[in-house]
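Worksheet for the structure shown next.
Numbering (full-length UniProt numbering), first residue to last: 1 to 270.
What follows is the structure, given as structure tokens:
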């Protein structure tokens, strides 16, 4: 069974928590993989990551407990084929807006007759030809997540979720807010209302739905709405916030030290 699908089914009342891996660095991926997250999104859409780089990322994560999900740059069958051959087990498709696009995404992940994925025997996914009956078992073991990122997609969310082979949906607040005319305002009331209603509709269908928040506070709001799985920040986000917080703390202390010295000089007259 697909590991991510199994994670969703076994999570119970505690939605799995993941993070974005947008650095394209195997070292950072391996490090964040040991942090304790349930899953991680290896991003090929906005990160400078090619297929060989993806192999290195998956190799780095294989020594951790983090389950990798790979986001492809686009709903492109050639790219999906290469990503699956590289060893991705669960694929996220950005900007899926119609049931037809969802069906095209699923087809790209399946061998014939269920889909159009091309066959190759000596791939990393097949453990270089040593996995018995790989071609017969691959279709049922692959996971598909489609992203809902526009009002048009939200309008058709039931039809998209109902496509055979779609295992979960993922609502992208950033692109959704921009498409709604509230760019950069991820928690705008209109955006939050749209997201809340979309989650409720997914719940009514029994389709798992997830999202990403930039902070623990934002993710807490999303969990309260009812998301089945969530992600918080990214490897680069955590690094930058940690670096900025440390630098700000040191600069604040330096400023306080200068003020203390200045006050002492005034008191002593020197």
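Yeah, the Cβ is synthetic: ideal placement off N, Cα and C, and Gly gets one too.
Of the listed residues the options, nearest to residue i (C-alpha basis)
i, options, result
"residue 78", "106, 56, 98", "106"
"residue 85", "123, 164, 195, 237", "123"
"residue 2", "91, 194, 228, 240", "91"
"residue 89", "192, 101, 68", "68"
"residue 116", "42, 7, 160, 82", "82"
"residue 18", "254, 234, 251, 245", "234"
"residue 87", "131, 100, 112", "131"
"residue 184", "143, 173, 144", "173"
"residue 231", "223, 53, 211", "211"
"residue 38", "151, 194, 134, 6", "6"
"residue 70", "169, 227, 221, 145", "145"
"residue 170", "140, 142, 136, 213", "213"
Residue i: first and last residue of the uninterrupted beta strand (DSSP E) it sits in
i, result
"residue 147", "143-148"
"residue 49", "That residue, residue 49, is in no beta strand (DSSP E); it is neither H nor E in DSSP."
Alpha-carbon to alpha-carbon, residue j and residue i
i, j, result
"residue 97", "residue 217", "29 Å"
"residue 205", "residue 158", "7 Å"
"residue 63", "residue 181", "42 Å"
"residue 34", "residue 260", "42 Å"
"residue 270", "residue 240", "Residue confidence for residue 270 is low, a pLDDT of 44 falling below 50, so the modelled location carries little weight and cannot support an answer."
"residue 110", "residue 119", "10 Å"
"residue 61", "residue 256", "43 Å"
"residue 36", "residue 229", "15 Å"
"residue 9", "residue 254", "51 Å"
"residue 162", "residue 250", "53 Å"
"residue 102", "residue 114", "14 Å"
"residue 27", "residue 95", "29 Å"
"residue 244", "residue 215", "15 Å"
"residue 73", "residue 125", "20 Å"
"residue 148", "residue 51", "25 Å"
"residue 197", "residue 121", "45 Å"
"residue 186", "residue 221", "12 Å"
"residue 155", "residue 31", "39 Å"
"residue 134", "residue 55", "19 Å"
"residue 129", "residue 58", "18 Å"
"residue 76", "residue 177", "25 Å"
"residue 141", "residue 160", "20 Å"
Beta-ladder partner(s) of residue i, from DSSP
i, result
"residue 40", "19, 68"
"residue 171", "148, 211"
Host alpha helix (DSSP H) of residue i (start-end)
i, result
"residue 29", "26-33"
"residue 4", "3-10"
"residue 183", "Note, residue 183: premise wrong, no alpha helix (DSSP H); not H, not E."
"residue 159", "157-161"
Alpha helix (DSSP H) runs contained entirely in the stretch 61-121, provided each spans 4 or more residues: For the stretch 61-121, whole alpha helix (DSSP H) runs of length 4 or above, ordered along the chain, are 77-85, 99-108.
Continuous alpha helix (DSSP H) assignments of at least 4 residues falling wholly in the stretch 192-249: For the stretch 192-249, whole alpha helix (DSSP H) runs of length 4 or above, ordered along the chain, are 216-225.
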